[in-house]
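Letter by letter, the sequence shown follows residues 1 to 205 of full-length UniProt numbering.
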Amino acid sequence: CSHGNKPRSRSSGVRQHRTVRYTGCTAKVHALLARLGKRYYIHVRSSGCHNHNVDGNVWNYYAENRTIHDPAILATMSDMASAGATPKGILAWFRKKTEKKTKLKDVHNMLQDLKKADKRNMSDVKRTESILEEFTSEHEGNTAQIFVDKARGVDVAVTLQSAGMKRLFAAFPEVLMVDSTHDTNCNGYKLFSFIVHDCFGKVNE
Numbered sequence: 001c002s003h004g005n006k007p008r009s010r011s012s013g014v015r016q017h018r019t020v021r022y023t024g025c026t027a028k029v030h031a032l033l034a035r036l037g038k039r040y041y042i043h044v045r046s047s048g049c050h051n052h053n054v055d056g057n058v059w060n061y062y063a064e065n066r067t068i069h070d071p072a073i074l075a076t077m078s079d080m081a082s083a084g085a086t087p088k089g090i091l092a093w094f095r096k097k098t099e100k101k102t103k104l105k106d107v108h109n110m111l112q113d114l115k116k117a118d119k120r121n122m123s124d125v126k127r128t129e130s131i132l133e134e135f136t137s138e139h140e141g142n143t144a145q146i147f148v149d150k151a152r153g154v155d156v157a158v159t160l161q162s163a164g165m166k167r168l169f170a171a172f173p174e175v176l177m178v179d180s181t182h183d184t185n186c187n188g189y190k191l192f193s194f195i196v197h198d199c200f201g202k203v204n205e
């Protein structure tokens, strides 16, 4: 039983989990594959007993039991998403095709898994283009631009601007630029500079 596997702690314990699957359950199913002559047999026995509720609600509580694993259905879901189907529409189709109690958040997670699988087969350039296209398609006001050094044929900068950022800049037309190197705290690097550029072209450093 999955309630009998004590999770390995990966934190300092400052924030306690409110929901923990482990209950010290001793229920186990033992299976042994044996060969007798030209035939194979599976010997199954059980031991222990459950110390928690066992019903349909508990079964459907686990995400792995609500997730779709059928490759044919997942392929159709990928085609639906590519054609512009919404997660709610995909969820309605799931409930007609399967008997699983799939939730909307499960559909979002499965779509993300499909995107990750597709991106793993791409080069760095194609993966970057895919991420930028996904970002700009999420909202009509999202924009992204790649600056290329034509002399060297090298991408030198990538800029992203969401619709929310545009609204904030319209309300507060000042730009705060932090010039530093990413992930250098462990080496004791100092922040190089703060530059504030307002809508009138004045710069304070």
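Glycine included, every Cβ here is placed at the ideal spot set by N, Cα and C.
None of these values were measured; they are calculated from a predicted model.
- Starting from D70, trace the beta strand (DSSP E) both ways and give me its first and last residue. Element bounds for D70: n/a, residue is neither H nor E.
- Task: State the Cα-Cα distance for the pair F94 and A72, rounded to the nearest angstrom.
- Result: A straight line joining the alpha-carbon of F94 with that of A72 spans about 12 angstroms.
- Apply the 10 Å Cβ neighbour rule to M122 and answer buried if 16 or more other Cβ atoms are within range, or exposed otherwise. Under this definition M122 is an exposed residue.
- Message: I need the straight-line Cα distance from T86 to Q161, nearest angstrom please.
- Response: Approximately 24 angstroms between the Cα atoms of the pair.
- Simplified DSSP state of Y61, which is helix, strand or coil: Reduced to three states, the DSSP call for Y61 is helix.
- Item | Nearest-angstrom beta carbon gap, W59 and N65 [assumed within contact, 8 angstroms] | Their Cβ separation, rounded to whole angstroms, is 6 angstroms, which keeps N65 and W59 in contact under 8 angstroms.
- Query: What does a CB cutoff of less than 7 angstroms around F135 pick up in its chain, not counting 5 residues either side in sequence?
  - Reply: Excluding residues within five positions, the ones whose Cβ falls inside 7 angstroms are N142, A144, L160.
- Item | Secondary structure of K115, DSSP reduced to three states | Three-state result, K115: helix.
- Task: Output the boundary residues of the beta strand (DSSP E) element that contains D149.
- Result: D149 -> beta strand (DSSP E) spans 143-149.
- Do you know how far the Cα of Y62 is from the Cα of G24? Here the C-alpha atom of G24 lies approximately 18 angstroms from the C-alpha atom of Y62.
- Whole-number beta carbon distance between C49 and A31, since they are thought to touch under 8 angstroms: Their Cβ separation, rounded to whole angstroms, is 18 angstroms, which puts A31 and C49 out of contact at 8 angstroms.
- Message: Between the alpha carbons of A83 and K97, how many angstroms are there, rounded?
- Response: When rounded, the distance between both Cα atoms is 19 angstroms.
- C-alpha distance - E129 paired with I90, whole-angstrom precision: Taking the straight line joining both Cα atoms gives about 26 angstroms.
- Message: Cutting at 7 angstroms between CB atoms, please list the residues of its own chain near T67, excluding the five before and the five after it.
- Response: Taking T67 as the centre and dropping the five residues before and after it, the same chain places the C-beta of D106, M110 closer than 7 angstroms to its C-beta, in chain order.
- Task: Could you tell me which residues DSSP puts in a beta bridge with S130?
- Result: Secondary-structure assignment with DSSP links S130 through no beta bridge to anything.
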